[in-house]
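J.: Protein chains in written order, with the numbering used here: chain A, 1 to 113; chain B, 114 to 227.
No residue lacks a Cβ here, since even glycine has one placed at the ideal position from N, Cα and C.
1. From the beta carbon of residue 29 (chain A), is the nearest beta carbon of chain B less than 8 Å away?
2. Find the residues of chain B that neighbour residue 103 (chain A), judging by a C-beta separation of less than 7 Å, and give them in chain order.
3. Provide the residue span of the beta strand (DSSP E) that contains residue 208 (chain B), from first to last.
4. Please name the residue in B:216, B:196 and B:165 whose C-alpha comes closest to that of residue 132 (chain B).
5. I need the boundaries of the beta strand (DSSP E) containing residue 49 (chain A), first residue and last residue.
6. Is residue 43 (chain A) close to chain B? Criterion is C-beta to C-beta, closer than 8 Å.
7. Look up residue 35 (chain A) in the DSSP assignment and give the residues it is bridged to.
8. Of all Cβ atoms in chain A, is any one closer than 8 Å to the Cβ of residue 64 (chain B)?
9. Any C-beta of chain B sitting closer than 8 Å to the C-beta of residue 90 (chain A)?
10. Using DSSP bridges, identify the partner residues of residue 188 (chain B).
11. If you measure beta-carbon to beta-carbon, which residues of the segment 51-79 of chain A are closer than 9 Å to chain B?
12. Determine the direct distance from the alpha carbon of residue 128 (chain B) to that of residue 202 (chain B), and round the result to whole angstroms.
13. With respect to the beta strand (DSSP E) encompassing residue 19 (chain A), which residues constitute its N-terminal and C-terminal limits?
14. Listing by chain order, which chain B residues have their CB less than 7 Å from the CB of residue 39 (chain A)?
15. Between residue 200 (chain B) and residue 224 (chain B), which are expected to be in contact by the criterion C-beta below 8 Å, what is the C-beta distance as a whole number of angstroms?
16. With 16 as the cutoff for other CB atoms within 10 Å, does residue 102 (chain A) come out buried or exposed?
17. DSSP on residue 197 (chain B), reduced to helix/strand/coil?
18. Under the assumption that residue 86 (chain A) contacts residue 110 (chain A) (Cβ atoms under 8 Å), give the Cβ distance between them as a whole number of angstroms.
19. Where do the ends of the beta strand (DSSP E) carrying residue 139 (chain B) lie?
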């Protein structure tokens with residue numbers, strides 16, 4: 001049973017470009033969460049999705065950030081017009097049901113130059 | 114947990130010895146889960162152990178166990194027989210309010226010395 005998969009593992013973007021981060025949850029998991037980790041910090045919640053629905057996006061910046069989890073395919077975190085402050089590790093987690101343990105992917109390290 | 118506090122930024126322990134990492138949290142919920150995650154140099158977040166607040170018995174997973182004090186809102190992690198592979202950042206986490214999203218502490222950097 002494959003774990004949570006994220007790609008790419010490393011992504012370099014110039015300021016103003018778009019970044020697309022992908023997450024495939026564990027088999028059978030229908031709950032996906034995105035977190036951001038800045039250097040020397042813990043993880044901060046961004047958004048919680050179920051298939052075709054955004055359940056909670058209270059941690060998402062109001063502008064430039066969006067997330068989706070389509071009926072088919074991976075969940076996508078999209079950052080438009082990236083700025084240097086977006087440089088961070090972005091982790092995706094999935095769970096089988098709500099209020100259960102979340103299993104994390106290896107993360108995508110985004111560097112904005 | 115609305116907030117999660119880890120008061121030990123760094124700790125070290127000798128191989129084969131026991132170490133305890135502290136965590137306190139704040140929540141108004143009565144039923145919730147608490148977690149410890151390990152983040153080795155590879156940056157992968159690995160679930161170490163889970164505690165359900167309605168269970169009085171402390172959770173145990175092999176060499177890892179917790180001391181859960183619900184009234185004190187304390188959730189410490191004990192690592193017995195420390196191994197070099199235990200060297201990592203350890204994060205305590207709890208659910209935010211009644212929601213599924215997790216709130217993480219800032220982490221404790223644990224170094225196991227040979």
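T.: The short version:
1. Looking up residue 29 (chain A) in the first chain gives position 29. Judged by the 8 Å Cβ criterion, residue 29 (chain A) is not in contact with chain B.
2. For this step, residue 103 (chain A) is matched to residue 103 along the first chain. Result: 160.
3. As a position in the second chain, residue 208 (chain B) is number 95, starting the count at 1. First-last of the beta strand (DSSP E) with residue 208 (chain B): 201-208.
4. Your numbering for residue 132 (chain B) matches position 19 in the second chain. Looking at the Cα atoms, B:196 is the closest of the given residues.
5. In the first chain, the residue the question calls residue 49 (chain A) occupies position 49. Counting along the chain, the beta strand (DSSP E) containing residue 49 (chain A) begins and ends at 43-50.
6. In the first chain, residue 43 (chain A) corresponds to position 43, counting from 1. Yes, residue 43 (chain A) counts as interfacial toward chain B.
7. Taking the first residue of the first chain as position 1, residue 35 (chain A) is located at position 35. Answer by DSSP bridge pairing, in chain order: A:45 and A:91.
8. It is not possible to answer for residue 64 (chain B), since the shown part of chain B is limited to 114 through 227.
9. Taking the first chain and counting its residues from 1, one reaches residue 90 (chain A) at position 90. False, the Cβ-Cβ gap to chain B never drops below 8 Å.
10. As a working mapping, residue 188 (chain B) is identified with position 75 in the second chain. DSSP lists B:181 as the beta-bridge partner residues of residue 188 (chain B).
11. Answer set for the segment 51-79 of chain A: 55, 56, 58 and 59.
12. The residue given as residue 202 (chain B) occupies position 89 in the second chain. The residue given as residue 128 (chain B) occupies position 15 in the second chain. About 17 Å.
13. Translated into the one-based positions of the first chain, residue 19 (chain A) becomes position 19. For residue 19 (chain A), the enclosing beta strand (DSSP E) stretches over residues 19-24.
14. The residue given as residue 39 (chain A) occupies position 39 in the first chain. Neighbours of residue 39 (chain A) in chain B, taken as residues at a C-beta separation under 7 Å, are lacking, since the least C-beta distance is about 11 Å.
15. Within the second chain, residue 200 (chain B) is the residue found at index 87, counting from 1. Within the second chain, residue 224 (chain B) is the residue found at index 111, counting from 1. Correct: roughly 5 Å between the Cβ atoms.
16. If you number the first chain from 1, residue 102 (chain A) lands on position 102. Buried, because 16 or more other Cβ atoms sit within 10 Å of the Cβ of residue 102 (chain A).
17. For the purposes of this step, residue 197 (chain B) is taken as the residue at position 84 of the second chain. In the structure shown, the three-state DSSP call for residue 197 (chain B) is helix.
18. Start at 1 with the first residue of the first chain, and residue 86 (chain A) comes out as number 86. Start at 1 with the first residue of the first chain, and residue 110 (chain A) comes out as number 110. About 6 Å separates the beta carbon of residue 86 (chain A) from that of residue 110 (chain A), a gap short enough to meet the 8 Å contact definition.
19. Walking along the second chain from the start, residue 139 (chain B) turns up at place 26. In this chain, the beta strand (DSSP E) harbouring residue 139 (chain B) covers 137-139.
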